[in-house]
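Single-structure report; data block below.
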Amino acid sequence: MWDAIWRYFRNTWMQSYGVDLWNVECMTAAGVNLQNRTNNPLESYNRAFGGRFSVKHPSLLSFVETVKDEARRFVHLIDGVKKNRRDPPRHAQFMDPRVPDEFER
């Protein structure tokens, strides 16, 4: 059984992709723009949901409030799908460009 798994891993990952592509941190440091840090949607959701807590083991009240907020968000998303709504794309916050004084003549 394990031989088949390792053979699959070797043939699929080790021979097809270089080790430098396995490490997300190295890709981020190299300037690769990653949409997802994982190809597993459940892992991605778990990471995003866990990031909503300020501590590793939140209180029960904090956990319940966060779950309620998440439920509201999903109700809003499902309602939007039913009504063919789409959120506008996110843009960077507007900044008024200013030339530093030392560069002005």
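Using the UniProt record's numbering, the first residue of the sequence shown is number 1, and each one after it goes up by one.
Cβ coordinates follow ideal geometry from the N, Cα and C atoms, glycine included.
Being a predicted model, the structure only gives us computed values, none of them experimental.
Secondary structure at serine 16: coil, using DSSP grouped into helix, strand and coil. The straight-line gap separating the alpha-carbon atoms of glycine 50 and leucine 77 is approximately 20 Å.
In the DSSP assignment, arginine 52 falls outside any alpha helix (DSSP H) and carries neither an H nor an E.
Per DSSP, glutamate 70 is one residue of the alpha helix (DSSP H) stretching across 60-82. Assignment of asparagine 11 by DSSP, reduced to helix, strand and coil, places it in the helix class. Apart from the 5 residues on each side of it in sequence, alanine 30 has no Cβ closer than 7 Å to any other Cβ in its chain.
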